[in-house]
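>
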Ligand SMILES: [Zn+2]
């Protein structure tokens with residue numbers, strides 16, 4: 329028998345049973361296991377964890393637990409200075425490419441409008457999704473905790489909210505993306521790159537009122553979808569203001 333004590337910090341408590349939150353939990357194991365398996369047995373995906381201390385020393389996921397160990401588990405927390413110890417999630421988190429699971433189409437569209445690179449396909453199996461994450465080194469966004477627990481997934485984030493606007497805020501906060509938003513550079517429909525288009529070149533694709541009232545156009549280089557400096561723009565600008573100024 330191996331007796332260990334484990335405590336989860338900050339938002340990692342979202343994942344665990346209410347009676348285990350924010351306190352030292354005693355657990356008896358009848359066989360030796362890794363820290364990763366121990367953590368995930370509480371329902372916490374390893375992708376959410378950035379720092380593990382075993383008896384006060386930083387440890388990685390493969391570390392095997394021993395009798396009497398006291399284990400502290402911390403989430404990814406950008407403003408938390410842990411430079412003296414070993415972070416488990418790779419740094420720096422820049423120019424990230426995301427892939428959203430098939431329930432997160434609205435989130436994908438909204439992130440793209442902010443210029444973030446988000447792959448999304450409707451009918452894709454879990455295995456195909458995981459393969460794309462691994463092969464293309466993308467960050468998996470999912471509401472499926474089991475998917476994030478797969479061993480091969482290095483980087484991912486479990487979306488908490490059901491509201492797409494709140495989901496975008498979660499992702500921006502978690503990956504510290506507020507300085508990397510480039511609105512109107514990416515197509516909400518297909519993730520293609522937008523470029524300025526002459527009005528004459530896209531005239532045939534426009535509704536009569538749009539032809540009449542708007543002058544500045546962008547077109548997706550992949551699917552040809554046209555965006556114009558009208559309702560699209562003001563809605564997105566409002567959206568950006570809302571979460572960059574107030575919430576972040
Ligand atoms: Zn497109």
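Numbering (my numbering), first residue to last: 329 to 576. Positions of the beta carbon are idealized from the N, C-alpha and C atoms, including for glycine. All of these numbers come straight from a predicted model, not from anything done at the bench.
I need the straight-line Cα distance from residue 421 to residue 536, nearest angstrom please.
The predicted position of residue 421 is uncertain, since its pLDDT is 47 and thus under 50; a value taken from the coordinates is nonetheless stated next. Cα-Cα distance, rounded: 44 Å.
> Considering residue 356, what are the terminal residues of the beta strand (DSSP E) in which it resides?
353-357
> Cβ of residue 550 versus every heavy atom of ligand 1: is any distance shorter than 7 Å?
yes
> Quick one: Cα of residue 498 to Cα of residue 489, how far?
8 Å
> Is the stretch 525-542 in contact with the stretch 461-471, if contact means three or more CB pairs nearer than 8 Å?
no
> Rounded to whole angstroms, how far is the Cβ of residue 393 from the Cβ of residue 330, which I believe are closer than 8 Å?
6 Å
> Rounded to whole angstroms, what is the Cα-Cα separation between residue 566 and residue 442?
12 Å
> Taking 8 Å as the threshold (C-beta atoms), are residue 492 and residue 438 in contact?
yes
> Can you tell which of 547, 374 and 430 has the C-alpha that lies nearest to the C-alpha of residue 401?
374
> Report the rounded CA-to-CA distance for residue 384 versus residue 334, giving the unit in angstroms.
Answer to the nearest angstrom: the Cα atoms are 12 Å apart.
> If you check the beta carbons only, do residue 398 and residue 363 fall under 8 Å apart?
no
> On a CA-only basis, which of 344, 474, 435 and 396 is nearest residue 517? Give me that one, please.
435
> State yes or no: is the C-beta of residue 520 nearer than 7 Å to some heavy atom of ligand 1?
yes
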